[in-house]
Amino acid sequence: MNSCWIDWEKITRNFLNSRKIKQVAELRGFYRVNPSGIPRIPPDLELRDYQNTAIISWFRNRGRGTLKMATGSGKTITALAIAMELYQAIELQVLLVICPYRHLVNQWQREAEKFNLKPILAYESVHTWQSQLATELYNVQAGNQKFVTILTTNSTFISEGFQSQIKFFPDKSLIVGDEAHNLGSPRLEELLPRSLGLRLALSATPERYFDEEGTDAILEYFGQILQPEFTLGDAISKGALVNYFYYPVLVELTDNEALLYAKLTQKIGWTLQKNSNLNGNDNLTALLMQRSRLVGSASNKLQALQQLMQERLDTDHTLFYCGDGYVENYTANYRRQVEAVTHLLGNQLGYRVAIYTAETSLEEREKIRQQFEEGYLQGLVAIRCLDEGVDLPSIQNAVILASSGNPRQFIQRRGRILRPHPDKKQATLFDMIVMPPTLDRETWEVERNLLRKELKRFLEFAQLAINAQEAETKLGEIQDRYGLLSN
């Protein structure tokens, strides 16, 4: 749909005027009782100023754009507020939200219901949703129904069952890509509907790791990153995220790990010499992932964790981020790091924990989440599934055993514990950082460049901490040891 027929200046003006009066039902006049499924702004909704700014920026960009907003800053609410305004202004008929994972669909459902929406949850078997989707789209086109909300996953979105329905979406449809960096892969990007003109991308880090083409594809489809960006520092200063203490924990590799690390770094150097273009370099990506997995699962992290938690057994609401690799010199039953950490905490230290991974069923996740909220469980041992927008604001402490060179994962893993909660005044984060081994001169030049980039992110996070000076001093040990202060 070409959205040039929409009077964007009028929509922006009306939205600005509506912000000038107090957001209560009587004043805005939007809060009459609507039939279920018809968009309605919640009576108690108070958008933050940066959310208002984001909405205005999207309107001024004529219904397209990418909102780069820090983890925990309320991207979901912002997107739903945009949909509400479009319903009021142009009688928007369809809201389609694409999420990378099922648990994010469920989180969107909870928020959407506050806006009086009755979303179709389109994932898993087509038998559970396809008939309902087809019926409601027909009813909208026929004028028998005013609004349809569809929440789906990336994998369901690209399925034949869903794609066959795209042609029935009306012009007045808004497509929202949540954690939109995931939509930059060729298979997903090529199936994004060009017929829908109203497009909104949400991500704290829309840039894809080592994939400039994928990043460009996202921004070309959804629209440019809208200014101003809303950073982690902005979110803390505005009260959208809590303040935090940051404690880097420096860990050495074992001799065997150091040897493998050196070999991988040497191969990375050779690969860069052959092809200095990082984008689309599959060999380089594989080597970096292999080395990241080695560092993430370094066995001395278990010893460091034991020393740390022996002094913190009375704490609760703690998150333990693990790597997806295996721990050297550990018993066969607990070789995987997530299992080794769970065994150490639960069996050896008596700390009440549960594993929370992608393999955990949705039903079990909800049960674990409730036990964690109530304090029955002191901690969660998690892998990657907590990287993408999972909402656990009661987390007060975190131990990051697996650091990532991927900027998106780095930001998400650290931003996750900063979400506000009534019982949380501040957060505490322990970050295990592996010290690279001694390398030969040629290999070291490769390592130095990679390490300098990673250390920059650690320092940026340290600078925002309550104990910034203490954290920066600790990280200074890495700078001094490896001569990273010089160019």
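Its first residue numbered 1, the sequence shown is counted upward by one per residue in the UniProt record's numbering.
Ideal placement from N, C-alpha and C gives every residue a C-beta, glycine not left out.
What you are looking at is a predicted structure, and each value in this text was computed from that prediction instead of being measured.
- In the three-state scheme derived from DSSP, where H, G and I count as helix and E and B as strand, I90 is classed as helix.
- At least 8 Å separates the beta-carbon of T428 from that of G379.
- Assignment of beta-bridge partners to I400 by DSSP yields Y321, D431.
- Judged by DSSP secondary structure, Y356 falls within the beta strand (DSSP E) whose first and last residues are 353–356.
- In this structure, R448 places its C-beta atom within 8 Å of the C-beta atom of L484.
- P248 has D431 as its beta-bridge partners, per DSSP.
- Here R419 is buried. Its C-beta has 16 or more other C-beta atoms within 10 Å.
- Here DSSP, grouped into helix, strand and coil, assigns Y482 to helix.
- For the pair A89 and I55, the CB atoms are not nearer than the 8 Å cut-off.
- Residue pairing of L104 in beta bridges, as defined by DSSP: absent, with no partner found.
- Comparing alpha-carbon positions, the option among A83, G239, G223, I355 lying closest to Q426 turns out to be G239.
- Counting only runs that start and end inside the region 169–233, the beta strand (DSSP E) elements of at least 3 residues fall at 173–177, 198–203.
- For R64, the enclosing beta strand (DSSP E) has its first and last residue at 64–68.
- Residue pairing by DSSP places G379 opposite T318, V353 in a beta bridge.
- Judged by their CB atoms, I368 and A354 are nearer to each other than the 8 Å cut-off.
- The three-state secondary structure of Q165, taken from DSSP, is coil.
- By the CB criterion at 8 Å, L302 and V338 fall outside the cutoff.
- Closest by C-alpha distance to L191, out of L174, D171, T156, T215, is T156.
- Apart from the 5 residues on each side of it in sequence, N139 sits with its Cβ closer than 7 Å to the Cβ of Q145 in its chain, given in chain order.
- Excluding the 5 residues flanking it on each side, V381 has same chain C-beta neighbours closer than 8 Å at F320, C322, V338, V341, T342, L345, V353, A354, I355, Y356, in chain order.
- Judged by their CB atoms, C99 and D216 are not nearer to each other than the 8 Å cut-off.
- Cβ contact annotation for D391 (same chain, cutoff 8 Å, sequence separation greater than five): Q107, R419, in chain order.
- The continuous alpha helix (DSSP H) containing V341 extends over residues 337–343.
- Here the alpha carbon of I236 sits roughly 30 Å from the alpha carbon of L95.
- Comparing alpha-carbon positions, the option among Q396, V434, F430 lying closest to P422 turns out to be Q396.
- A residue is called buried when at least 16 other Cβ atoms come within 10 angstroms of its Cβ; I466 does not meet this threshold and is exposed.
- By the 16-neighbour rule on beta-carbons within 10 angstroms, R102 is buried.
- R64 is not a Cβ neighbour of W8, given a cutoff of 8 Å.
- According to DSSP, residue pairing for I77 in a beta bridge does not occur.
- Taken through DSSP and simplified to helix, strand or coil, L241 comes out as coil.
- In this structure, the beta-carbon distance from S173 to L151 does not fall below 8 Å.
- Per DSSP, T360 lies in no alpha helix (DSSP H) and is assigned neither H nor E.
- Between the beta-carbon of M69 and that of L250 there is about 32 Å, and that puts the pair past the 8 Å contact cut.
- In the three-state reduction of the DSSP assignment, L464 falls in the coil class.
- By the CB criterion at 8 Å, T76 and G269 fall outside the cutoff.
- Taking the C-beta atoms as reference points, D431 is found no nearer than 8 Å to I383.
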